[in-house]
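One structure is given here, and the rest of the page talks about it.
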């Protein structure tokens, strides 16, 4: 940046002297200064000067009026009809209703009466559910010929 400022003549006398000392010691800085000088000369020689017959303020006000006078771009938005709005609400509601019906069909049917089940063979426990009253009854059956009936109480409970 100091080299560019030196080339543009923007440095004070002391700073310019310091840059000259730096250029005397550093070959890379000298090469960069030569490249910057050549670039500046090329730009100045190819820069075409344009003369405007109008004053600067009039010229820019003319551009501003032209920009303001152009048609504004209007983005048309599609109005959503009432039927489309209803459709947007009914589709998710219908999907939720279908899921609800599927879940209800997957649950066991009791028809207001409790259901009971027992394992086949030597049943040890019988479970009865009454969904209307929220009652569950578990009946434990220990036949006399079962080994569990001959166990001591201390053997079955961890005290």
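Numbering (our numbering), first residue to last: 16 to 174. Using N, Cα and C, we set each Cβ at its ideal position, and we do this for glycine too.
Residue 21 is classed as buried because its beta carbon has at least 16 other beta carbons within 10 Å across all chains shown.
For residue 91, no beta strand (DSSP E) segment is defined, and its DSSP state is neither H nor E. DSSP lists no bridge partner for residue 122.
The DSSP-derived three-state label of residue 16 is coil. Apart from sequence neighbours up to five positions away, the residues of its chain that approach residue 52 with a beta-carbon distance below 8 Å are 22, ordered along the chain. Taking the CA atoms as reference points, residue 123 sits about 27 Å from residue 107. Straight-line spacing of the CA atoms in residue 54 and residue 37 works out to 21 Å.
Annotation for residue 24: no residue places its beta carbon closer than 7 Å to its own, counting only its chain and skipping 5 residues before and after. Residue 17 and residue 61 have their C-alpha atoms spaced approximately 25 Å apart.
For residue 103 and residue 84, the gap between their C-alpha atoms comes out near 41 Å.
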